[in-house]
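K.L.:
Structure provided below as structure tokens; questions to follow.
Residue numbers (the working numbering): 1412 to 1941.
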């Protein structure tokens, strides 16, 4: 190893946080969890505790040499047994990917928190998250240099992209570069194209390939939508089908359990047993992401020709895909009121529904560009997006583990929808209950926007995306003040008077992310009303 590489290796092992405390945290965090990454992390942590006992210079040097030598060896990503695949990263086979996987679980090293808070205690500690990112970056650099690409490296890249998002925000170059690394490794491994197989028999590794590509593909569409930049992966080159709806516990339970799970799938690859796993959510989100890619191509493409027929077909396809989802994935607004609800399941169902609505939002906004939008549909879609996103904040005590996503959720989904609601207050298009949805009234719009201001105010100044949240809150507050300080409008023929000092509120919401889409800028709202 070069002197610089050796120094990085030694620093990682010497400064590794307390492993005994990490084991105590793992006993809390991993309880009742059976995903492969958590099982692997548990075995890897035990291996480091057995190997790195006193951290003397000689022990650190020997372990660094062992891990580097192992990392140079090729990993087999075609094994049927998940334990055989994980064994390539534990015990005498410890590699730099092994340490990298541990760093994708920051809660292991958060230190000293109780059972109730261990899952979320680390997310608000900026300096700690930045330290984890530095450790993860060094590990990933060693892996890419020595091992090239494998499925574990791709998983670490995807998790690093997530940590960049919750640490530094979603609108910056760091998040975009982290996403690019995950895309680069997935395409380098050829995961974007899967050969046709007439009698496909799923194995742990074959499905892990599909699952990791689905995560990379979906994340790429989410970040592209947030930043208003072209996605790095395209439908034109991606032929890999979604992962089958099989949970990790079925792979670890043995061949008989796996065969029963395969037989229980319907013709589309969904479970018929009604239970819900992480793979279920990944599968649903990547199906929605494929539609999103078609919308982004129209929105950001160079063609200026109207795409009305294509957009109408996309809307119909989106509706058909949602209709084909199993009943267990259907969003139920009453579920959040049930004290017995499973928070993870409720979060997944709500997020899937919001991403579905965002596809409709984009399609309707594009149809509006061509003068073909259905009257009132954009408003009702926006109202529903805002309402569903606000549920995360309203029930934040139930969604403790999801709080790290809140800044992203409010800006990615509630802010664009909130902009449409603001325009409705300033330029009313209906009176009384909305003809498309009686829940939508002038009063309910004001209530939802008021709650949205509360959500945005809850975001701390040092949180990721805080500057975007502050700009958005300022505009919404101004709209509410302007609306409530004027007589109630009963007719759309009498819009509110224009704002004073228009320059103080341009551009729309004063941020670049979704404003990068010209078709998301409310030109009439900016030019005529502000």
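All residues carry an ideal CB built from backbone N, CA and C; glycine is no exception.
If you're wondering where the values come from, they're calculated on a predicted model, not measured in any experiment.
1. Please check the pair residue 1410 and residue 1598, which I expect to be a contact at CB under 8 Å, by giving their CB distance rounded to whole angstroms.
2. Less than 7 Å between the beta carbons of residue 1567 and residue 1502, yes or no?
3. By Cβ distance, which residues of its chain are closer than 6 Å to residue 1900, with the 5 residues on each side in sequence left out?
4. Would you mind giving the Cβ-Cβ distance between residue 1859 and residue 1797, rounded to the nearest angstrom? I have them listed as a contact below 8 Å.
5. Answer yes or no: do residue 1616 and residue 1498 have a C-beta to C-beta separation smaller than 7 Å?
6. Note down, in chain order, each residue of its chain lying with its Cβ closer than 7 Å to the Cβ of residue 1496, except the 5 sequence neighbours on either side.
7. Is the stretch 1859–1869 in contact with the stretch 1822–1834, if contact means three or more CB pairs nearer than 8 Å?
8. Can residue 1635 and residue 1707 be called in contact, C-beta distance under 7 Å?
9. On the DSSP bridge assignment, give the partners of residue 1790 in chain order.
10. Which residue wins for smallest C-alpha separation from residue 1698, given the options 1632, 1720, 1874, 1601?
11. Take every Cβ of the stretch 1775–1787, pair it with every Cβ of the stretch 1716–1729, and state whether three or more of those distances are shorter than 8 Å.
12. Rounded to whole angstroms, what's the CA-CA distance from residue 1535 to residue 1845? Just pull it up for me.
13. Would you say the stretch 1468–1484 touches the stretch 1417–1427, given that touching needs at least three Cβ pairs under 8 Å?
14. Between 1426, 1655, 1853, which lies nearest to residue 1467 when the distance is taken from Cα to Cα?
15. Looking at C-alpha atoms only, which residue of 1886, 1619, 1582, 1704 is the closest neighbour of residue 1833?
16. Can you tell me the Cβ-Cβ gap for residue 1550 and residue 1514, rounded? I've got them flagged as a contact below 8 Å.
17. Give me the residue from 1726, 1875, 1835, 1847 with the minimum Cα distance to residue 1891.
18. Going straight from the alpha carbon of residue 1575 to that of residue 1581, what length do you get?
19. With DSSP run on the structure shown, which of helix, strand or coil describes residue 1682?
20. What is the C-beta distance between residue 1656 and residue 1691, in whole angstroms, given that I count them as a contact (C-beta under 8 Å)?
21. Grab the span of the alpha helix (DSSP H) containing residue 1669 for me, first residue to last.
22. In angstroms, rounded to a whole number, what distance separates the CA positions of residue 1808 and residue 1448?
23. DSSP on residue 1657, reduced to helix/strand/coil?
24. Thinking C-beta only, is residue 1558 closer than 7 Å to residue 1399?
25. Just tell me which of 1437, 1823, 1843 has its CA closest to the CA of residue 1880.
26. Taking the alpha carbon of residue 1541 as the point to measure from, which residue in 1565, 1579, 1519, 1556 has its own alpha carbon closest?
27. Let me make sure I understand the geometry here. Which of 1837, 1843, 1415, 1877 has the alpha-carbon closest to that of residue 1894?
28. Just to confirm, are residue 1675 and residue 1725 a CB contact at a threshold of 7 Å?
29. Pick from 1743, 1678, 1560, 1770: whose alpha carbon is nearest that of residue 1623?
30. If you run the structure through DSSP and keep just helix, strand and coil, what is residue 1553?
31. Give the single residue among 1763, 1555, 1871, 1577 whose Cα lies nearest to the Cα of residue 1595.
32. So, with DSSP's three-state summary, where would you put residue 1768?
33. Classify residue 1786: buried if its beta carbon has 16 or more other beta carbons within 10 angstroms, exposed otherwise.
34. What's the C-alpha gap between residue 1547 and residue 1738?
35. With DSSP as the reference, label residue 1376 as helix, strand or coil.
36. Return helix, strand or coil for residue 1489, following the three-state DSSP convention.
P.N.:
This is what the structure holds:
1. Residue 1410 falls outside the range modelled here, since the chain spans only 1412 to 1941, and no answer is possible.
2. no
3. Confidence at residue 1900 is low in this model, with a pLDDT of 49, below 50, so its placement is unreliable and the value that follows should be read with caution. Cβ within range, chain order: 1839.
4. 5 Å
5. no
6. 1490, 1615, 1616
7. yes
8. yes
9. For residue 1790, which the question treats as bridged, DSSP gives no partner whatsoever.
10. 1632
11. yes
12. Because residue 1535 sits at a pLDDT of 48, beneath the cut-off of 50, its placement in the model cannot be relied upon, and the following sentence gives the value as read from the coordinates. If you take the alpha carbons of residue 1535 and residue 1845, they lie about 40 Å apart.
13. yes
14. 1426
15. 1886
16. 6 Å
17. 1835
18. 8 Å
19. strand
20. 5 Å
21. 1666–1674
22. 26 Å
23. coil
24. There is no way to answer for residue 1399, as the model of the chain reaches only from 1412 to 1941.
25. 1823
26. 1579
27. 1837
28. no
29. 1560
30. helix
31. 1555
32. helix
33. exposed
34. 39 Å
35. Any property of residue 1376 remains undetermined from this structure, which presents the chain solely from 1412 to 1941.
36. coil
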